[in-house]
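These protein sequences, in sequence, are chains C and Y.
Counting in my numbering, the first sequence runs from 482 upward without gaps.
Counting in my numbering, the second sequence runs from 482 upward without gaps.
Number of protein chains: 2
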Amino acid sequence: MNNIEKKIGIIGGGQLGKMMILEAKRLGFYVTTLDPTFDCPSHSISDEHIVADFHDKNAIFELAQKSDVITYEFEHINVQALSELEEQGKIIYPSVKSLRTIQNKYSQKQALAEKGILVPRFGLVCKAEDIYKYGEKFGFPLMLKTCKDGYDGKGNYLIKTKEMVQAGFDALYKNNELMVEEFISFEKEISILATRGINKEIVIYPVGHNIHENSILDTTIVPAGISAQLEENAKEIGKQVMNVFDGVGTFCVEMFVKDANTIYVNEVAPRPHNSGHYTIEGCRVNQFENHIRAVVGLPLGDTSLICPVVMINLLGQEKNGKTKVIGVEEAYKITGVNVHVYGKKESKIARKMGHFTVTGNSAEEALDKANKVRELVKIIGCPVKIAQDGK
Amino acid sequence: MNNIEKKIGIIGGGQLGKMMILEAKRLGFYVTTLDPTFDCPSHSISDEHIVADFHDKNAIFELAQKSDVITYEFEHINVQALSELEEQGKIIYPSVKSLRTIQNKYSQKQALAEKGILVPRFGLVCKAEDIYKYGEKFGFPLMLKTCKDGYDGKGNYLIKTKEMVQAGFDALYKNNELMVEEFISFEKEISILATRGINKEIVIYPVGHNIHENSILDTTIVPAGISAQLEENAKEIGKQVMNVFDGVGTFCVEMFVKDANTIYVNEVAPRPHNSGHYTIEGCRVNQFENHIRAVVGLPLGDTSLICPVVMINLLGQEKNGKTKVIGVEEAYKITGVNVHVYGKKESKIARKMGHFTVTGNSAEEALDKANKVRELVKIIGCPVKIAQDGK
């Protein structure tokens, strides 16, 4: 089959799925989304939308029937159903093996460590005593994590001292796998987006400097303001990680810069990532287009940076309610500002509702402008109006 | 109402409508399309699609009910229905007055000439004798045109000599308005895209050099390879034209460069235009996004060129039939190539099915690469396969 004729199925219809579809549509692809929310961000731009839970095996099989290749916008999905499909010969990218290894943060770290990639020291936790043991070995603080299903800081618990061990264990343990990691006191958090093709071709995006607030990504700054050597090293690690997981598609590798010579891999996501949103305005071919190219088997596009760029997330503010976006008109008076509104009908406090990017002649200039825009553009929740007829 | 909350109605669901929607969706707009073809390019990415003829007044009124602002992707539509809606207070951009004047090439030229903008000499034709008269005045060849509904060379007839007058008249006259224009022997055809806001703010895109084949745009090259002075003059004319028509939205002004000092305005389109497709990869904010920004009342975006770029149209080839795209995989091995497939189900010979752009370090390099890509990527019609059950 001609690559360009492949029908694409995407599990997940959030903002990442939406942004994949916007790129797929330029190339004329037919896209089916699987997402439990009827009016999810991808809904209005999908050719078809299967409204079903991510773990609904029948729905995933239905998606497979409608698609020549299946991909996904997040990793906490029914890997067993995908595995059966893959055995039946269905094309799934990234592969089930990649997904299965990455989905579990312990096996992810193991795979990286085995290949000699530097990661914080880590260990499996079955009972609270294990944490004390690692505390003696790695020292405190320790990061306690659920091995699966964590994101945006959910499923993480920072155990600052020995006295917090039991509380941390009790907070996260529900007969699930837990792990601890050595706490890395880093100079900077950075991330790399990389796309790898079916033919093992790899393209790497410029390094982004990430700033988190309350464990949620707040800002990405590109260039990252690190030395050329560190930039090179981070890119090299990005390549290695793609090969470790035999990744096909766009992956994100989050890293800690400990010092001028030391980069730790923190976490890997087998999909386009929030910290790569800057690539839409900042790079020749963005992370979503390269993801689509990779999974259908097309050669990958140029990841060059067009100009310095800053991305800031727009989280739901004030209160939960009907989504209202304010301040875009004022913000657009500033050159180089692009606001993305995901189209989630309900705004919730701290929910990712949109983001904006600001380009500039330097990262500093872009950041200055971005901080002005931050004061202008907000997404808030409003009380839902009920129509007079009660509808 | 907050600009960002406005629901947008678009008359026409072809490639221009599709590209408008792709930009509107990033900003989270709700979009309804009116187009007679169920599976038109805009269909799968519109929130709603009213399947109806462009002249169907009821359908246009239905679109108005679903939209806070109406715009359109081509100009041969029911201006009377729009006029009634505008009188009722509906927001339509570009305005009905702009549309009415531009829709008729004679009144378009009159409006330009009245404001002192240089256009080829022209005159209204009611009978064949009028053409002889203008022939004596302007000389042959003469361009005979239908005043309305012409595009891509349809409705144009080049009268090379006196002997062809009657044949030309007979070919185009069907109780409709005709006009003649002095034939300009030009050095270069160029066009300007310009966007004007509700507040009369104007942004102008870099000049493109257009090459037509069989009266259909084939290639746009940017920069246009003209002197800085001509570039400046063309941009100034673009601004003047936007003001003449009180345009809101993105317009295209096609021009003839006669010599180093003389630019004629050929035709104006009150909408984004094929010769501005290069802006998607070539400019910071493309013609479609600026169109959307203008019609909802947002400040306009940066039209700066990112790098030299060439656009080539992909017309249907070989025969009419089910659309098949070939050669994208080979083409994507060349850096800087982006293929756009409009998603028209049926390929027809000479129908606009897609386009590609190629970026480069210089226009020459981009053009070299583009000519390679032209040999690779083709859209052809295949015989439609009939399923065994006859469906």
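Where a beta carbon is used, it is the ideal one built from N, C-alpha and C, also for glycine.
List, in order along the chain, the chain C residues whose C-beta lies closer than 8 Å to that of valine 602 of chain Y?
Reading off the sequence, residue 602 of chain Y comes out as arginine, not valine. Per Cβ cutoff of 8 Å: no residues; arginine 602 of chain Y is ~41 Å from chain C at best.
Whole angstroms are fine: how far does the CA of leucine 623 of chain C sit from the CA of aspartate 651 of chain C?
Rounded to whole angstroms, aspartate 651 of chain C to leucine 623 of chain C spans 15 Å at the Cα level.
Please classify aspartate 534 of chain Y: is it buried, with 16 or more other beta-carbons within 10 angstroms of its beta-carbon, or exposed?
By the 10 Å Cβ count, aspartate 534 of chain Y comes out exposed.
List the whole-angstrom C-beta distance separating cysteine 733 of chain Y from alanine 750 of chain Y, where the pair is believed to meet the contact cut-off of C-beta under 8 Å.
At roughly 4 Å, the Cβ-Cβ gap stays under 8 Å, so cysteine 733 of chain Y and alanine 750 of chain Y are in contact.
Which residue from Y:Val822, Y:Ser576, Y:Glu663, Y:Leu674 puts its Cα closest to that of glutamate 717 of chain Y?
Cα-wise, what sits closest to glutamate 717 of chain Y is Y:Leu674.
Any beta carbon from chain C within less than 9 Å of aspartate 549 of chain Y's own beta carbon?
With 9 Å as the cut-off, aspartate 549 of chain Y does not count as an interface residue toward chain C.
Within the chosen definition, does the region 719-726 of chain Y reach the region 795-803 of chain Y through at least 3 CB pairs nearer than 8 Å?
Output reads no: the region 795-803 of chain Y does not touch the region 719-726 of chain Y.
Using a Cβ-Cβ cutoff of less than 7 Å, which residues in the same chain neighbour tyrosine 553 of chain C once the five nearest sequence positions on both sides are dropped?
Closer than 7 Å at the Cβ level, and outside the excluded window around tyrosine 553 of chain C, lie Ile491, Ile492, Gly493, Arg752.
Would you say arginine 774 of chain Y reaches chain C, if we count a Cβ-Cβ gap shorter than 9 Å as a contact?
Yes, contact with chain C.
Between glycine 597 of chain Y and chain C, is the shortest Cβ-Cβ distance under 9 Å, so that the two count as touching?
Not an interface residue.
Let me know if isoleucine 692 of chain C comes out buried or exposed under the rule of 16 or more other beta-carbons within 10 Å of its beta-carbon.
Exposed is the call here.
Does any residue of chain C bring its CB to less than 9 Å from the CB of leucine 503 of chain Y?
By this cut-off, leucine 503 of chain Y is an interface position.
Which term fits lysine 825 of chain Y, buried or exposed, when burial requires 16 or more other beta carbons within 10 angstroms of its beta carbon?
Classification for lysine 825 of chain Y: buried.
Starting from histidine 821 of chain C, find everything on chain Y with Cβ-Cβ shorter than 9 Å and list it in chain order.
Result: Arg507, Leu508, Gly509.
Under the rule that 16 or more other beta-carbon atoms within 10 Å means buried, what is lysine 499 of chain C, buried or exposed?
Buried.
Alpha carbon to alpha carbon, how far is alanine 540 of chain Y from glutamate 770 of chain C? Give it in angstroms, no decimals.
When rounded, the distance between both Cα atoms is 36 Å.
Counting contacts by CB-CB distance shorter than 9 Å, is serine 666 of chain C in contact with chain Y?
No, no contact with chain Y.
Apart from the five residues on each side of it in sequence, which residues of its chain come closer than 6 Å, Cβ to Cβ, to isoleucine 526 of chain C?
Excluding sequence neighbours, isoleucine 526 of chain C sits near Ile502.
Tell whether a beta-carbon distance below 9 Å holds between isoleucine 640 of chain C and leucine 625 of chain C.
Against a cut-off of 9 Å, the Cβ pair of leucine 625 of chain C and isoleucine 640 of chain C comes out as a contact.
Who are the Cβ neighbours of histidine 836 of chain Y in its own chain at under 7 Å, not counting the five residues just before and after it?
Counting only Cβ-Cβ distances below 7 Å, and skipping sequence neighbours, we find His758, Met792, Ile793, Asn794, Leu795, His821.
Given a cut-off of 9 Å, decide if glycine 797 of chain C and isoleucine 707 of chain C are closer than it, judged by their beta-carbon atoms.
Cβ distance not < 9 Å, so isoleucine 707 of chain C and glycine 797 of chain C don't count as in contact.
Is there contact between the region 662-669 of chain Y and the region 766-784 of chain Y, where contact requires at least three CB pairs shorter than 8 Å?
The answer is no - the region 766-784 of chain Y does not touch the region 662-669 of chain Y, with fewer than three Cβ pairs under 8 Å.
With DSSP as the reference, identify every bridge partner of methionine 660 of chain C, one or two as the case may be.
Paired residues: C:Leu605, C:Lys626.
So, does the CB of aspartate 516 of chain Y fall closer than 9 Å to a CB anywhere in chain C?
No, its Cβ sits nowhere closer than 9 Å to a Cβ of chain C.
Does isoleucine 679 of chain Y have its Cβ less than 9 Å from a Cβ in chain C?
Isoleucine 679 of chain Y does not count as touching chain C.
Could you pull the start and end residues of the alpha helix (DSSP H) that leucine 698 of chain Y belongs to?
From DSSP, leucine 698 of chain Y is part of no alpha helix (DSSP H) but of the beta strand (DSSP E) over 697-703.
Taking the continuous alpha helix (DSSP H) assigned at lysine 586 of chain C, which residues delimit it?
586-595 is the extent of the alpha helix (DSSP H) around lysine 586 of chain C.
Anything in chain C within Cβ reach of glutamate 810 of chain Y, meaning under 7 Å, just list it in chain order.
By Cβ distance, chain C contributes Asn484, Leu779, Pro780.
Is it buried or exposed, methionine 482 of chain C, if we count other Cβ atoms within 10 angstroms and call 16 or more buried?
Burial call: exposed.
Candidates Y:His524, Y:Cys521, Y:Leu566: which alpha carbon is nearest glutamate 543 of chain Y's?
Out of Y:His524, Y:Cys521, Y:Leu566, Y:Leu566 has the C-alpha closest to the C-alpha of glutamate 543 of chain Y.
Using 8 Å for Cβ pairs, my map puts alanine 851 of chain C next to valine 865 of chain C. What's the rounded Cβ distance?
Actually they are not in contact, since the Cβ atoms of alanine 851 of chain C and valine 865 of chain C sit about 31 Å apart, beyond 8 Å.
For a cutoff of 9 Å on Cβ pairs, would you count tyrosine 813 of chain C as touching chain Y?
Yes, tyrosine 813 of chain C lies at the interface with chain Y (some Cβ there is under 9 Å from its Cβ).
Under 8 Å, CB to CB, which of the residues in the region 517-537 of chain Y have a partner in chain C?
Against chain C - using a Cβ distance shorter than 8 Å - the residues of the region 517-537 of chain Y are Ser525, Ile526, Ser527, Asp528.
Which residues mark the beginning and the end of the beta strand (DSSP E) in which lysine 833 of chain Y is found?
Note, lysine 833 of chain Y: beta strand (DSSP E), 833-840.
Considering only the beta carbon of each residue, do leucine 508 of chain Y and isoleucine 773 of chain Y sit closer than 9 Å?
Cβ atoms of leucine 508 of chain Y and isoleucine 773 of chain Y: closer than 9 Å.
Round the Cβ separation of glutamate 529 of chain Y and threonine 513 of chain Y to the nearest angstrom and send it over; I've been treating them as touching at under 8 Å.
Confirmed, Cβ separation roughly 4 Å.
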